[in-house]
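First comes the structure, then the notes that go with it.
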Amino acid sequence: MMCLPISNEGKGFMKNRVMMKKTFVLLTGGALLLAGCQAGAPSADKPAAAPISAEKKSEPLKISLLLKYFSTEPPTKAAEAFKVVEDYTHTKLDIIWAPSPSYDEKVNTTLASGNVPQVLLVSRDRADNIVAAVKSGAFWEIGPYLKNYPNISKAVGDIRLYNVSQNGKVYGIPSARDLSENALIYRKDWLDNLGMKPPTTVDELYAMMKAFTQKDPDKNGKDDTFGVIENDGSGIFNQIKVWMGGPNGWSIKNGKLVPEFMSDEYKQAMDFMRKLYQEKLINQDFPVTKQNQMLDYLGKSRGGGYAGAYAQFSNGWHTPLQKANPDAKLDFIYKIKSSDGKYYKQAGGGYNGVFMFPKSSVKSEAALKEILDFFEKLADDKMRTLIKLGIEGKHYKMDNGKPVIINPELFSDEVIPLRWIMVADGITDRTAVGLTPLDERITKAQEDKEITYTSNPAFPFTSKLIVDDKIIEDARTKYILGEIDDNGWKASIEKWRTNRGDQLIEEYQKQYDSAQANRK
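For the sequence shown, position 260 matches number 259 in numbering that gives the first Met the number 0, and the numbering has no gaps at all.
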């Protein structure tokens, strides 16, 4: 049984879910929907599918899949690594590759045609046509089966299964990625200059920011630095509110969904930010600071850090700083202890798409189980290593106990495409090639068992209501700037509620109650 994440998760409390205006074609009468009404699990008065014969079991299982690719040319199945996958899983794979830029369109046209492969990697699982197809019964519900597939269950986990659920039921396997890549990236050389250690609590974080502002951390004799760069997206605020034990989007109190900004922790985080602003520990122009200005503050050694993601260590964000100051050192803080002694971290959706199984092409429960067996084998250690590294001696070699790519071009052509059939493609692990010491520390952070991921119980829900998020966003900024007080903040919440906010709460609550009932 899929468990509801204890806390709250992922995206902004409504920003990415309230307006679900899609460009997808809504399927209303296609063959897929018709098939959904006709096919399904065996009913009480219908005999179960006959067991597969020994002769048929000896033949490779044929599986058709629709997957995406990112290279200039579609991958070729002639690669030896593909054959190893097929041999190990005893399958014959018929993969339809579609380029990433037009992949969603390919999914739409495939669904509309009625000629659908057995496995469909769906990137936009909340698109109107996908939701309609699910409601019509066109896809298999796989939740009840997952207890028999420990590798899949372990790879994806309860939070991701909850996030991909529709009305409390799971209709596909999430292609898992890391639940969170967020971190506070800071100037380690400044901290070293000051003889300080990385902060582990909010109070220590404040002390670091104050020292970065007041104690000349770059040793240039000038009063020209400040603690952390904040931007108009309130990056550091979003991390601090969760570090303090607050919600991420929404919370559940006594069975009721509550927007995050109605929580005490959210208000405490605003008070903390207000203090940082008043003491000039963050840039005073943060409400209008854009990404290029953040990079400018960082490159000119003005700000001592920013709320970012691990990927920014490798995507060029830090190039201006390194060019201006080759001796500058950056590091990251990924966990801060809350007042209750726990380490909370904001979780994202945790998946790159969903493997779904149309009933029009997967015609029986027995056929579904065979395909789930395939994904179960893909999720075991041997296949995970193959799909991450390829074949030893051809794609990689071991050097001092670490895998090293032999031919990057061959690796890119033959191994990388395999990852799109993995259920844990985007999860950082120690099998990756070319890990630097920084990469290894990031991997260790992602595997940290002390972290409690704060997930969003409203993540799976959708609404077409137009609710003005800026009421809250503007009020939060004004509160931090000292332009409104507690009464002004409370008035802004009431304004949000009367501008369809209460309607949104009611709508999400109905979806939550229905999902809970279906999960029992």
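Using N, Cα and C, we set each Cβ at its ideal position, and we do this for glycine too.
Asked: May I ask which residues mark the beginning and end of the beta strand (DSSP E) holding Gln502?; Found: Taken as a continuous stretch (DSSP letters only), Gln502 belongs to no beta strand (DSSP E), being part of the alpha helix (DSSP H) at Asp501 to Arg518.
Asked: Quick one: grab the DSSP three-state call for Glu493.; Found: helix
Asked: When burial is assigned at 16 or more other CB atoms within 10 Å of the CB, is Pro325 buried or exposed?; Found: exposed
Asked: Within the same chain, show all residues whose beta-carbon is closer than 8 Å to that of Met397, passing over the 5 residues directly before and after it, in chain order.; Found: Glu391 and Val403
Asked: Can you tell me whether Ala175 is helix, strand or coil according to DSSP?; Found: strand
Asked: Within 10 angstroms of its Cβ, does Val361 collect 16 or more other Cβ (buried), or is it exposed?; Found: buried
Asked: Look up Gly245 in the DSSP assignment and say whether it is helix, strand or coil.; Found: coil
Asked: State the beta-bridge partners of Asp372 as determined by DSSP.; Found: Asp372 is not bridged to any residue.
Asked: Is it true that the CB of Phe458 sits closer than 8 Å to the CB of Gly348?; Found: yes
Asked: What are the boundary residues of the alpha helix (DSSP H) that Lys91 is part of?; Found: Per DSSP, Lys91 belongs to no alpha helix (DSSP H); it is in the beta strand (DSSP E), Thr90 to Pro98.
Asked: According to the neighbour-count rule (16 or more other Cβ atoms, all chains shown, within 10 Å of its Cβ), is Gln165 buried or exposed?; Found: buried
Asked: Check the C-beta distance from Lys134 over to Trp419 and give it rounded, since I have them as a contact under 8 Å.; Found: Contact flag wrong, Cβ pair sits at about 27 Å.
Asked: Rounded to a whole number of angstroms, what is the C-alpha to C-alpha distance between Ala378 and Gly113?; Found: 30 Å
Asked: Express the C-alpha separation of Glu472 and Ile251 in angstroms, rounding to a whole number.; Found: 22 Å
Asked: Leaving out five residues before and five after Gly35 in sequence, what residues of the same chain have Cβ atoms less than 6 Å from its Cβ?; Found: Residue placement at Gly35 cannot be trusted, given a pLDDT of 41 that sits under 50; what the coordinates show is reported in the next sentence. Only Ser135, Gly136, Ala137 and Lys358 meet the Cβ criterion.
Asked: Just how far apart, CA to CA, sit Asn455 and Asp157?; Found: 12 Å
Asked: For Val287, count neighbouring Cβ atoms within 10 angstroms of its own Cβ and tell me buried if that reaches 16, exposed if not.; Found: exposed
Asked: Can you tell me which of the three DSSP states Ser250 falls into?; Found: strand
Asked: Assess, as a yes-or-no matter, whether the region 144 to 163 is touched by the region 297 to 306 under the definition of 3 or more beta carbon pairs within less than 8 Å.; Found: no
Asked: Using the three-state DSSP reduction, which class does Gly39 fall into: helix, strand or coil?; Found: Low per-residue confidence applies at Gly39: pLDDT is 39, beneath 50, and the placement is therefore not dependable, though the value from the model is reported in the following sentence. Here Gly39 sits in coil by DSSP.
Asked: Are the CB atoms of Asn498 and Val466 within a distance shorter than 8 Å?; Found: yes
Asked: When DSSP labels each residue in this structure, what does Lys21 get in the three-state scheme?; Found: Annotation note: pLDDT 36 at Lys21 (below 50); position unreliable, no value reported.
Asked: Between Phe374, Val414 and Asp380, which lies nearest to Lys393 when the distance is taken from Cα to Cα?; Found: Val414
Asked: If contacts are defined as beta-carbon pairs under 8 Å, then Ile62 and Phe373 qualify, I think. What distance do you get, rounded to the angstrom?; Found: 6 Å
Asked: Can you list, in chain order, the residues of its chain whose CB lies under 7 Å from that of Phe410, leaving out five sequence neighbours each side?; Found: Gly389, His394 and Ile404
Asked: If you check the beta carbons only, do Thr109 and Leu65 fall under 8 Å apart?; Found: yes
Asked: I'd like the ranges of any beta strand (DSSP E) spanning at least 3 consecutive residues and lying wholly in the region 396 to 462.; Found: 401 to 404 and 450 to 453
Asked: With DSSP as the reference, label Gly194 as helix, strand or coil.; Found: coil
Asked: Alpha carbon to alpha carbon, how far is Val106 from Tyr148? Give it in angstroms, no decimals.; Found: 27 Å
Asked: State the DSSP-derived secondary structure class of Phe260, mapped to helix, strand or coil.; Found: helix
Asked: List the endpoints of the continuous alpha helix (DSSP H) containing Arg186.; Found: It is not in any alpha helix (DSSP H) - Arg186 instead sits in the beta strand (DSSP E) that spans Asn181 to Arg186.
Asked: Taking Cβ to Cβ, would you say Lys523 is nearer than 8 Å to Leu329?; Found: Because residue 523 is not part of the residues shown, which for the chain are 0 to 519, the question remains open.
Asked: Can you say whether Gly244 is buried or exposed, counting buried as having 16 or more other CB atoms within 10 angstroms of its CB?; Found: buried
Asked: Considering only C-alpha positions, which residue in the set Lys344, Asp124 and Ala366 is nearest to Thr90?; Found: Ala366
Asked: Nearest to Val169 by alpha carbon, out of Ala78, Leu145, Ile184 and Leu183?; Found: Leu145
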